[in-house]
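First comes the structure, then the notes that go with it.
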Amino acid sequence: MVASDGAKPHYKTIALFDVDGTLTVPRKKADQSTLDFLQELRKYVKVGIVGGSDQIKICEQLGPKAPIEYDYLFSENGLVAYKEGEVLAIQSLKKHLGEAKLKELINFVLHYIADLDIPIKRGTFIEFRNGMLNVSPIGRNCSQEERDEFEEFDLKTGIRKKFVGILREKFAHLNLVYSIGGQISFDVFPEGWDKTYCLRFVEEEFSDIHFFGDKTFEGGNDYEIFMSEKTKGHTVTSPVDTVQQCTELFIKPAKEALQC
Ligand SMILES: [Mg+2]
1026 MVASDGAKPH
1036 YKTIALFDVD
1046 GTLTVPRKKA
1056 DQSTLDFLQE
1066 LRKYVKVGIV
1076 GGSDQIKICE
1086 QLGPKAPIEY
1096 DYLFSENGLV
1106 AYKEGEVLAI
1116 QSLKKHLGEA
1126 KLKELINFVL
1136 HYIADLDIPI
1146 KRGTFIEFRN
1156 GMLNVSPIGR
1166 NCSQEERDEF
1176 EEFDLKTGIR
1186 KKFVGILREK
1196 FAHLNLVYSI
1206 GGQISFDVFP
1216 EGWDKTYCLR
1226 FVEEEFSDIH
1236 FFGDKTFEGG
1246 NDYEIFMSEK
1256 TKGHTVTSPV
1266 DTVQQCTELF
1276 IKPAKEALQC
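Its first residue numbered 1026, the sequence shown is counted upward by one per residue in my numbering.
Structure below.
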């Protein structure tokens, strides 16, 4: 690409990629062929990675040098943001809410769980993560059998739904989002801390922001960024499909333009 101002080449297009299911088989390492393709793609557009996992997990999947191998690397949806190997910004729940509000929320959750009459309780009722709280009425360190029983109990009684309803009302002023997932817990995080969070780091520089993800349906973790007015969203079914779609969209037209 040639800059319109005649200066050194620059790029107005960026392609952002989800990790699990888009660049890798979920939770697995990426194939070398996919990683090679991403480097090839960087000759045509800027490439950014946006994963929900933390950076350690993303580096396990994409390789230890991932932060310097892509134009942007956003782990935890961009709470930890890298540009060309340099840290751009780091955000956390602790920083965002402040200790006083965080303590108020945690105290309420623990009290509520203490008063909850459910068949069994174990330990680790709140898991404190960088960008969210994970709350489990039974406690995260229960056995698989206990998990299954809790899930069934919750389906019948709606323990988690009711809990979330109360938190939503009581802490409305904190603008938090509650996401019931898995068998035994729900996540609590600030509004907008989904994958759209990372767009603040690229929206000024790029006129064309493409996003590729596999869970673009409502309720999926790619839904918000896929639907965002700031992006052109693409649904993919596998890493192979991702490579195919990007080839059609970015590489073929550029090569054809060269031949003209
Ligand atoms: Mg995915």
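Glycine included, each C-beta is placed from N, C-alpha and C at the ideal position.
Got a sec? Which residues, its chain only, sit under 8 angstroms from Glu1176 by beta carbon, not counting five neighbours each side? Position 151 of the sequence shown, counted from the first residue, corresponds to residue 1176. Gln1208 and Ile1209, listed in sequence order.
Given Phe1275, which residues of its chain have a CB within under 6 angstroms of its CB, disregarding the five upstream and five downstream residues? By 1-based counting over the sequence shown, the position of residue 1275 is 250. Contacts found: Tyr1069 and Val1070.
Taking 8 angstroms as the threshold, find out whether the region 1042-1054 comes into contact with the region 1249-1266 through three or more Cβ pairs. Taking a contact to require three or more Cβ pairs closer than 8 angstroms, the region 1042-1054 and the region 1249-1266 qualify as touching.
Taking the alpha helix (DSSP H) that Gly1186 falls in, what are its first and last residues? Indexing the sequence shown from 1 puts residue 1186 at position 161. Position check: residue 1186 holds Lys in this sequence, whereas Gly was assumed. Run containing Lys1186: Ile1184 to Lys1195, per the alpha helix (DSSP H) assignment.
May I ask you to check if the CB of Thr1256 is nearer than 6 angstroms to at least one heavy atom of ligand 1? Locating residue 1256 in the sequence shown gives position 231, where the first residue counts as 1. No - ligand 1 has no heavy atom lying nearer than 6 angstroms to the Cβ of Thr1256.
If you measure between the beta carbons of Ile1184 and Pro1162, is that distance less than 7 angstroms? Within the sequence shown, residue 1184 is the residue found at index 159, counting from 1. Within the sequence shown, residue 1162 is the residue found at index 137, counting from 1. Taking 7 angstroms as the cut-off, the Cβ atoms of Ile1184 and Pro1162 count as close.
Between Lys1280, Arg1193, Ser1232 and His1198, which has its C-alpha nearest Leu1122's C-alpha? Taking the first residue of the sequence shown as position 1, residue 1122 is located at position 97. Here the closest residue by C-alpha is His1198.
Between the C-alpha atoms of Asp1061 and Lys1126, what's the straight-line distance to the nearest angstrom? Here residue 1061 refers to the residue found at position 36 when the sequence shown is read from its first residue. Here residue 1126 refers to the residue found at position 101 when the sequence shown is read from its first residue. Roughly 46 angstroms between the two C-alpha positions.
May I have the straight-line CA-CA distance separating Val1160 from Asn1102, to the nearest angstrom? Translated into the one-based positions of the sequence shown, residue 1160 becomes position 135. Translated into the one-based positions of the sequence shown, residue 1102 becomes position 77. CA-to-CA, the gap between Val1160 and Asn1102 works out to about 20 angstroms.
Please report the Cβ distance between Ala1040 and Leu1066, rounded to the nearest whole angstrom; I am assuming they are in contact, meaning their Cβ atoms lie under 8 angstroms. Residue 1040 sits at position 15 when you count from the first residue of the sequence shown. Residue 1066 sits at position 41 when you count from the first residue of the sequence shown. About 7 angstroms separates the beta carbon of Ala1040 from that of Leu1066, a gap short enough to meet the 8 angstroms contact definition.
Distance between Gly1244 and Glu1230 (C-alpha atoms, nearest Å): Counting from one through the sequence shown, the residue named residue 1230 turns up at place 205. Counting from one through the sequence shown, the residue named residue 1244 turns up at place 219. About 29 angstroms.
Under the criterion of a Cβ to heavy atom distance below 6 angstroms, does Gly1046 qualify as lining ligand 1? Stepping through the sequence shown from its first residue, residue 1046 is reached at position 21. The nearest non-hydrogen atom of ligand 1 is less than 6 angstroms from the C-beta of Gly1046.
Where His1136 falls, given that 16 or more other Cβ within 10 Å makes a residue buried: For the purposes of this step, residue 1136 is taken as residue 111 along the sequence shown, with counting starting at 1. Exposed, because fewer than 16 other Cβ atoms sit within 10 Å of the Cβ of His1136.
Short CB-CB distance (under 7 angstroms) between Ile1115 and chain B: Included in the structure is just one protein chain, with no chain B present.
Take the Cβ of Asp1043 as the centre, count every other Cβ of all protein chains shown within 10 Å, and call the residue buried at 16 or more, exposed below. What you label residue 1043 is simply residue 18 of the sequence shown in a count that begins at 1. With 16 or more other Cβ atoms within 10 Å, it is buried.
Verify the contact flag: Asp1079, CB atom, against every heavy atom of ligand 1, threshold strictly below 6 angstroms. Residue numbering aside, residue 1079 sits at position 54 when the sequence shown is read from its first letter. Answer for Asp1079: no, Cβ out of range of ligand 1.
Can you give, in chain order, each stretch of the alpha helix (DSSP H) that sits fully within the region 1115-1180 and has at least 4 residues? Taking only runs of at least 4 residues, the alpha helix (DSSP H) segments lying wholly in the region 1115-1180 are 1118-1122 and 1124-1139.
Once the 5 residues before and after Asp1212 are set aside, which same chain residues still bring their CB inside 6 angstroms of it? Residue 1212 sits at position 187 when you count from the first residue of the sequence shown. Result list for Asp1212: Met1157, Asn1159 and Ser1204, in chain order.
Once the 5 residues before and after Ile1221 are set aside, which same chain residues still bring their CB inside 7 angstroms of it? For the purposes of this step, residue 1221 is taken as residue 196 along the sequence shown, with counting starting at 1. Here residue 1221 is Thr; the residue named in the question, Ile, does not match the sequence. The beta carbon of Thr1221 sits closer than 7 angstroms to the beta carbons of Glu1249, Ile1250 and Ser1253 from its chain, once the five residues preceding and following it are set aside; these are given in chain order.
Nearer than 6 angstroms: is that true of the beta carbon of Lys1090 relative to any heavy atom of ligand 1? Against the sequence shown, residue 1090 aligns to sequence position 65. No.
Entirely within the region 1186-1260 and at least 4 residues each: give me those alpha helix (DSSP H) ranges in chain order. Every alpha helix (DSSP H) stretch that sits fully inside the region 1186-1260 and reaches 4 residues is listed by chain position as 1248-1252.
Can you tell which of Asn1246, Ser1058 and Thr1241 has the C-alpha that lies nearest to the C-alpha of Thr1260? In the sequence shown, residue 1260 corresponds to position 235, counting from 1. Relative to the Cα of Thr1260, the nearest Cα in the group Asn1246, Ser1058 and Thr1241 belongs to Thr1241.
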